[in-house]
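Undergrad:
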Amino acid sequence: MLLRGINLGPRHKVPMAELRALCADLGLTDVRTYIASGNVICSSSQRSATAVGATMERGLRSRFGFDVPVIVRTPQQLQGVVDDLPFLDTEQVHVSFLPAPLPAPVEAEVRTGLLNGAELVVSGAHAYLRTPAGLGQPWLRAPQAKALSDGTVRTWRTVTALLDLATP
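For the working numbering, count along the sequence shown from 1 and bump the result up by 139.
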(Lines of atoms letter the chains of each structure in order from A and count residues from 1; the text may use other names and numbers.)
(Lines give C-alpha, C1' and ligand atoms only; values in the text may rest on other atoms or scores of the structure.)
Protein backbone atom coordinates (compact mmCIF):
# COMPACT_ATOMS: atom_id res chain seq x y z
CA MET A 1 0.00 0.00 0.00
CA LEU A 2 1.18 3.48 -0.84
CA LEU A 3 -0.13 6.30 1.34
CA ARG A 4 -0.15 9.75 -0.24
CA GLY A 5 0.93 12.89 1.55
CA ILE A 6 1.96 11.71 5.01
CA ASN A 7 5.03 12.82 6.99
CA LEU A 8 6.00 15.49 4.45
CA GLY A 9 6.00 18.37 6.93
CA PRO A 10 4.38 19.35 10.20
CA ARG A 11 0.92 18.20 9.09
CA HIS A 12 -0.36 14.68 8.49
CA LYS A 13 2.09 12.96 10.80
CA VAL A 14 1.67 9.18 10.93
CA PRO A 15 4.23 7.38 13.13
CA MET A 16 5.20 4.08 11.53
CA ALA A 17 4.65 2.06 14.73
CA GLU A 18 1.10 3.43 14.96
CA LEU A 19 0.56 2.72 11.27
CA ARG A 20 1.63 -0.90 11.72
CA ALA A 21 -0.67 -1.20 14.76
CA LEU A 22 -3.57 0.21 12.73
CA CYS A 23 -2.90 -2.30 9.95
CA ALA A 24 -2.99 -5.15 12.47
CA ASP A 25 -6.20 -3.76 13.99
CA LEU A 26 -7.73 -3.77 10.49
CA GLY A 27 -6.90 -7.45 10.07
CA LEU A 28 -3.87 -7.09 7.84
CA THR A 29 -1.05 -9.54 8.47
CA ASP A 30 2.70 -9.72 7.82
CA VAL A 31 2.76 -5.93 8.18
CA ARG A 32 5.98 -4.06 7.51
CA THR A 33 6.67 -0.45 6.69
CA TYR A 34 9.49 0.95 4.60
CA ILE A 35 10.81 4.41 5.42
CA ALA A 36 8.42 6.96 6.86
CA SER A 37 6.79 8.12 3.63
CA GLY A 38 3.81 5.78 3.72
CA ASN A 39 4.90 2.44 2.29
CA VAL A 40 3.18 -0.61 3.78
CA ILE A 41 3.87 -4.20 2.82
CA CYS A 42 1.24 -6.58 4.12
CA SER A 43 -1.08 -9.49 3.41
CA SER A 44 -4.85 -9.41 3.45
CA SER A 45 -7.64 -11.95 3.29
CA GLN A 46 -9.63 -9.45 1.20
CA ARG A 47 -9.35 -10.25 -2.49
CA SER A 48 -10.06 -6.77 -3.77
CA ALA A 49 -7.27 -4.19 -3.76
CA THR A 50 -9.97 -1.52 -3.85
CA ALA A 51 -11.56 -2.94 -0.69
CA VAL A 52 -8.20 -3.09 1.10
CA GLY A 53 -7.47 0.52 0.16
CA ALA A 54 -10.92 1.73 1.24
CA THR A 55 -10.63 -0.11 4.57
CA MET A 56 -7.23 1.47 5.16
CA GLU A 57 -8.48 4.96 4.24
CA ARG A 58 -11.37 4.65 6.72
CA GLY A 59 -9.00 3.38 9.40
CA LEU A 60 -6.53 6.22 8.83
CA ARG A 61 -9.31 8.82 9.01
CA SER A 62 -10.64 7.29 12.22
CA ARG A 63 -7.26 6.86 13.92
CA PHE A 64 -5.45 10.03 12.82
CA GLY A 65 -8.29 12.44 12.05
CA PHE A 66 -7.44 13.31 8.45
CA ASP A 67 -7.91 11.82 5.00
CA VAL A 68 -5.05 9.86 3.47
CA PRO A 69 -5.48 8.55 -0.07
CA VAL A 70 -4.23 4.97 -0.39
CA ILE A 71 -3.12 3.23 -3.57
CA VAL A 72 -2.73 -0.55 -3.43
CA ARG A 73 -0.39 -2.52 -5.65
CA THR A 74 0.21 -6.26 -5.51
CA PRO A 75 3.71 -7.75 -5.68
CA GLN A 76 2.92 -8.83 -9.24
CA GLN A 77 1.97 -5.28 -10.19
CA LEU A 78 5.18 -3.93 -8.63
CA GLN A 79 7.14 -6.54 -10.59
CA GLY A 80 5.45 -5.27 -13.75
CA VAL A 81 6.46 -1.69 -12.93
CA VAL A 82 10.08 -2.77 -12.52
CA ASP A 83 10.05 -4.98 -15.63
CA ASP A 84 8.58 -2.21 -17.80
CA LEU A 85 11.10 0.51 -16.89
CA PRO A 86 11.37 2.58 -20.10
CA PHE A 87 14.67 4.30 -19.29
CA LEU A 88 18.15 2.86 -19.71
CA ASP A 89 19.38 4.16 -16.38
CA THR A 90 17.57 4.81 -13.12
CA GLU A 91 19.23 8.11 -12.21
CA GLN A 92 16.52 10.59 -11.14
CA VAL A 93 13.74 8.13 -12.04
CA HIS A 94 10.51 8.19 -10.06
CA VAL A 95 7.20 6.42 -10.45
CA SER A 96 3.86 8.10 -9.92
CA PHE A 97 1.33 5.48 -8.88
CA LEU A 98 -2.09 6.63 -10.05
CA PRO A 99 -5.52 5.54 -8.82
CA ALA A 100 -6.57 4.79 -12.42
CA PRO A 101 -5.01 4.88 -15.90
CA LEU A 102 -4.77 8.32 -17.51
CA PRO A 103 -6.95 8.73 -20.59
CA ALA A 104 -4.84 9.25 -23.74
CA PRO A 105 -5.92 12.90 -24.24
CA VAL A 106 -4.97 13.71 -20.63
CA GLU A 107 -1.59 12.02 -21.05
CA ALA A 108 -0.96 14.05 -24.21
CA GLU A 109 -1.87 17.26 -22.37
CA VAL A 110 0.48 16.41 -19.48
CA ARG A 111 3.35 15.98 -21.93
CA THR A 112 2.91 19.58 -23.12
CA GLY A 113 3.82 20.81 -19.63
CA LEU A 114 7.16 19.05 -19.15
CA LEU A 115 10.05 21.31 -18.07
CA ASN A 116 13.83 21.11 -17.58
CA GLY A 117 14.36 18.02 -19.72
CA ALA A 118 11.85 15.90 -17.80
CA GLU A 119 10.53 12.79 -19.50
CA LEU A 120 7.23 11.06 -18.81
CA VAL A 121 6.12 7.59 -19.88
CA VAL A 122 2.65 6.48 -18.82
CA SER A 123 1.92 2.78 -18.58
CA GLY A 124 -1.49 1.86 -17.24
CA ALA A 125 -2.06 3.27 -13.77
CA HIS A 126 1.47 4.52 -13.25
CA ALA A 127 3.77 7.05 -14.84
CA TYR A 128 7.54 6.86 -15.03
CA LEU A 129 9.22 10.21 -14.52
CA ARG A 130 12.81 11.02 -15.33
CA THR A 131 13.75 14.41 -13.96
CA PRO A 132 17.39 15.23 -14.78
CA ALA A 133 17.26 18.32 -12.53
CA GLY A 134 15.66 16.31 -9.70
CA LEU A 135 12.16 16.58 -8.26
CA GLY A 136 13.26 19.64 -6.29
CA GLN A 137 13.29 21.65 -9.51
CA PRO A 138 10.20 22.41 -11.58
CA TRP A 139 9.57 19.55 -13.98
CA LEU A 140 5.89 20.06 -14.89
CA ARG A 141 3.78 23.18 -15.33
CA ALA A 142 1.02 23.59 -12.75
CA PRO A 143 -1.99 23.22 -15.09
CA GLN A 144 -0.70 19.85 -16.33
CA ALA A 145 0.40 18.70 -12.87
CA LYS A 146 -3.24 18.56 -11.77
CA ALA A 147 -3.70 15.42 -13.90
CA LEU A 148 -1.12 13.58 -11.77
CA SER A 149 -2.12 15.08 -8.40
CA ASP A 150 -4.18 12.08 -7.26
CA GLY A 151 -1.14 9.83 -7.57
CA THR A 152 1.70 9.26 -5.17
CA VAL A 153 5.34 9.38 -6.25
CA ARG A 154 8.12 7.03 -5.16
CA THR A 155 11.79 7.06 -6.08
CA TRP A 156 13.07 4.18 -8.16
CA ARG A 157 15.09 3.00 -5.17
CA THR A 158 11.90 2.84 -3.09
CA VAL A 159 10.02 0.98 -5.82
CA THR A 160 12.69 -1.71 -6.05
CA ALA A 161 13.01 -1.93 -2.25
CA LEU A 162 9.25 -2.44 -1.93
CA LEU A 163 9.37 -5.18 -4.53
CA ASP A 164 12.22 -6.88 -2.65
CA LEU A 165 10.25 -6.70 0.60
CA ALA A 166 7.02 -7.92 -1.02
CA THR A 167 8.48 -10.99 -2.70
CA PRO A 168 9.92 -13.99 -0.87
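In this text, a Cβ means the ideal position worked out from N, Cα and C, and glycines have one as well. Since this is a predicted model, take the numbers as computed values, not measurements.
Comparing C-alpha positions only, which one of 155, 304, 292, 162 sits nearest to residue 270?
TA: If we check each option's Cα against that of residue 270, 292 comes out closest.
Undergrad: Taking 8 Å as the cut-off, does the region 241-258 touch the region 199-210 (at least 3 CB pairs, one atom from each stretch)?
TA: no
Undergrad: Compute the distance between the beta-carbons of residue 298 and residue 211, then report whether it is under 9 Å.
TA: no
Undergrad: Using a threshold of 9 Å, state whether the C-beta atoms of residue 256 and residue 282 are closer than that.
TA: no
Undergrad: One question on the structure: do residue 259 and residue 234 come within less than 9 Å of each other, judged by their Cβ atoms?
TA: In this structure, residue 234 does not lie closer than 9 Å to residue 259 by Cβ.
Undergrad: Quick one: Cα of residue 174 to Cα of residue 248, how far?
TA: C-alpha of residue 174 to C-alpha of residue 248: approximately 33 Å in a straight line.
Undergrad: What is the rounded straight-line gap between the Cα of residue 288 and the Cα of residue 264?
TA: 13 Å
Undergrad: Hey, residue 294 and residue 214: beta-carbon distance below 9 Å or not?
TA: no
Undergrad: Quick check on DSSP: helix, strand or coil for residue 296?
TA: helix
Undergrad: What does a CB cutoff of less than 6 Å around residue 177 pick up in its chain, not counting 5 residues either side in sequence?
TA: 142, 145
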